[in-house]
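Novice: Letter by letter, the first sequence follows residues 1133 to 1253 in this note's numbering.
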Amino acid sequence: MKLTYNKHEKLKSQKTIEKLFLDGESVSAYPLRLVYLKHGESRKVAVSVSKRNFKRAVDRIRIKRLLREAYRLNKTMLINKEVNDYALMILYISKDMPDFELVNTKMKKALEKFTDTISKS
RNA sequence: CAAGUAAAUCGCCUUAUCGCACAAGCAUUUAUUGUUUGUGAGGAAAGUCUGGACACCAUAGUGCAAUAUAGUGGUUAACAGCCACCAGCCGUGAGGUUAGGAAAAGUGCAACAGAAAGUAUGUACAGGUAAUGCUGUAGUGAAACCAGGUAAACUCUAUUAGGUGCAAUGUCAUGUAAACUAGCGUUUGAGCGUGCACGCGCGAGCUAGAGGGUAGGCAGCUAAAGUAUAUUGGUAACAAUAUGCGUAGAUAAAUGAUAAGGGUCAAGACACUAAUUUAUUAUUGUUUUGUAACAGAAUCCGGCUUAUAGAUUUACUUAAAUA
RNA sequence: GGCUGUGUAGCUCAAUUGGAUAGAGUAUUGGAUUUCGGCUCCAACGGUUGUAGGUUCGACUCCUAUCACAGUCA
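#1: Around the C-beta of LYS1176, are 16 or more other C-beta atoms found within 10 angstroms, so that it is buried, or is it exposed?
#2: Within the continuous beta strand (DSSP E) that includes GLU1157, where are the two ends?
#3: Specify the secondary structure class of MET1229 as computed by DSSP and reduced to three states.
#4: In the DSSP assignment, find the alpha helix (DSSP H) that holds ARG1204 and state where it starts and stops.
#5: By the DSSP assignment, the beta strand (DSSP E) with SER1180 in it spans what residues?
#6: Taking 8 Å as the threshold, find out whether the region 1184-1191 comes into contact with the region 1232-1248 through three or more Cβ pairs.
#7: Would SER1162 pass as a contact of ILE1195 if the rule is Cβ separation under 7 Å?
#8: In three-state DSSP terms, what is LYS1144?
In structure tokens:
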């Protein structure tokens, strides 16, 4: 299995995103917060960093790259489970600049929590 | 040697593995997947302060208002940029810096102090006269017998300028409410023609409120007033010619992650050498730890401004003091 | 990406065409009044006028740069 995260897996539709924040539920593993909603299509994922917390574009882009990379390497946790028709939004909440190691471990934790809550319900 | 001045350049590199975007080819299949190759952030990409390109709207006429610049000449597609020279100011100097037109066209303004701040003549002392603010000094103040000061006050002069900006604009697709309420108006003319008035033209709708719907794709979209070197012209900015290079196009927004090695700088430790204040400074070497500054394209170029660890190169200056 | 606008005490606002120590309400602190508290009265505290330069004798006011925060567009 190739670990990819390409154009077709990105969540882009503004309508879906609006709905996601309106009706979606969330789990968090500080400094990450994962908002999810079942929407009936293939799995879509987006990452986001607030402009309020990071003023400079360089920092925001840097964190989003780390988040994408962490998701890409850990997406095996989602495969072979019944979560392939969900829309996900991964937010970075903290105000401190992270390194890859932190993001990676927290991403694992967040995805684990997500699959747990889904399988329980 | 030290302290400076000016100009210019660079501003992490290599390898491996895994990934992202775009383009082209091949295969599979009809819009996807797989695979190969190539390309993929900056000197400021930033601020949006300016000048253009490009696009759309306007363009019978008249008047008013509004913008910006400000020594002289040159340069450029154009500019508030750049270059040269003159003048003022700062510095020992190399150099730096200046919104640097007009107060004898007009209007305004000047607190406090002062006799007096613009049709203003007064005090003390001195000088002078037939006589008098007639002359000088003092005193107040930023400015006081002068056709004064102030234009980053209005203004005048010269030059400049139609408006809006790629969310422009064109096109395809999807969807809805040509409905409702209030005001103005239909030849006695609302509104529009992108500052205002008149005029001219068009002209039956226009404005506000609450509410309903869509906010997707494609084109525009990247080869350019481009850049490096050499020669010629010019004090220079710059121009011409020749040769080489061919240079990102994302859109919840690509250019990344991990590991190893090199390497810059900083701090600590040790050793050697030199100087002298004999425990400090400096050079060199080894080693340990930390670490690459400011910062991320969004239609495209020229400039300006601001941020920027550190490294390198070239040219030039040094009065006084100390050696 | 483009185009506009606003920054004054902890908070809400003033300050005439550039003129002096930048005011008012509220909040805070102290005092008076009350048996105690509130209301009321008196006083104090609190500002490098977002920041940095410039023009001017003098700047909240004029000019330039910069920082922060809002609004707007198809």
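C-beta: ideal position from N, C-alpha, C; glycine also.
Specialist: Checking against the coordinates, here is how it stands:
#1: To locate residue 1176, count along the first sequence from 1; it is residue 44. Answer is buried; the Cβ neighbour count reaches 16.
#2: Within the first sequence, the letter at position 25 stands for residue 1157. Element bounds for GLU1157: 1157-1161.
#3: As a working mapping, residue 1229 is identified with position 97 in the first sequence. In the structure shown, MET1229 sits in coil (DSSP, three-state: anything other than H, G, I, E or B).
#4: The residue labelled residue 1204 in the question sits at position 72 within the first sequence. Annotation: the continuous alpha helix (DSSP H) that includes ARG1204 extends over 1189-1206.
#5: Here residue 1180 is taken as the residue at index 48 of the first sequence, counted from 1. SER1180 -> beta strand (DSSP E) spans 1176-1181.
#6: no
#7: Residue numbering aside, residue 1162 sits at position 30 when the first sequence is read from its first letter. Residue numbering aside, residue 1195 sits at position 63 when the first sequence is read from its first letter. Before going further, note that residue 1162 is Tyr rather than Ser in the sequence given. No.
#8: Reading the first sequence from its first residue, position 12 is the one you call residue 1144. In this structure, LYS1144 counts as coil in the three-state DSSP scheme.
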